[in-house]
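**Q**
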Amino acid sequence: MIIACMKKQRIPIFFFSGTGNTWWVSERLREDLNKRGFETTTHSIEQVTDYETAKLLEQADVVGLGFPIYGSDVPHIFQDFLDSLPKMEKEKPTLGFITQMAWSGDGINFLFFRYRKHLV
16 MIIACMKKQR IPIFFFSGTG NTWWVSERLR EDLNKRGFET TTHSIEQVTD YETAKLLEQA
76 DVVGLGFPIY GSDVPHIFQD FLDSLPKMEK EKPTLGFITQ MAWSGDGINF LFFRYRKHLV
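Under my numbering, read the sequence shown as residues 16 to 135, first letter to last.
In structure tokens form, the structure reads like this:
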């Protein structure tokens with residue numbers, strides 16, 4: 016008999032939520048992914064330390080990033096978070112999501128361009 020061992024994929028979701036909407040979406044996403052067999056955690060960028068962020072990124076198989084759209088753009092606090100990310104030695108798949116009232120502008124594109132700067 017052959018027993019296949021598959022490691023659960025780790026997905027830390029880093030989010031900013033000015034009003035609680037993006038937090039709510041992050042939590043629903045975490046719950047759904049965990050039900051599907053992933054090891055998913057959520058982390059407010061206002062509370063997670065640089066050390067914790069680096070450790071979570073190092074251990075991650077997929078990186079989740081979520082934020083609200085402010086005036087068709089990314090909130091400055093999330094831009095600063097992305098700029099502070101440590102360089103990563105290998106590219107990892109990214110799960111990006113936004114919350115918005117109407118039109119998203121280029122916010123999600125900005126996310127991926129800014130995030131890719133941290134790949135070696």
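Note that CB positions come from ideal geometry on N, CA and C, so glycine has one too.
According to the neighbour-count rule (16 or more other Cβ atoms, all chains shown, within 10 Å of its Cβ), is G79 buried or exposed?
**A** Taking the sequence shown and counting its residues from 1, the one referred to as residue 79 is at position 64. Result: buried.
**Q** Using 8 angstroms as the threshold, is the segment 88 to 108 in touch with the segment 38 to 49, meaning 3 or more CB pairs across them?
**A** Contact fails: fewer than three Cβ-Cβ distances are below 8 angstroms.
**Q** Look at the Cβ atom of V63, then the Cβ atom of I26, and state whether they are nearer than 7 angstroms.
**A** For the purposes of this step, residue 63 is taken as residue 48 along the sequence shown, with counting starting at 1. For the purposes of this step, residue 26 is taken as residue 11 along the sequence shown, with counting starting at 1. Cβ distance not < 7 angstroms, so V63 and I26 don't count as in contact.
**Q** Put S59 into one of helix, strand or coil per three-state DSSP.
**A** Position 44 of the sequence shown, counted from the start, is the residue given in the question as residue 59. It is a strand residue.
**Q** Which of the three DSSP states, helix, strand or coil, is assigned to E46?
**A** Indexing the sequence shown from 1 puts residue 46 at position 31. Here E46 sits in helix by DSSP.
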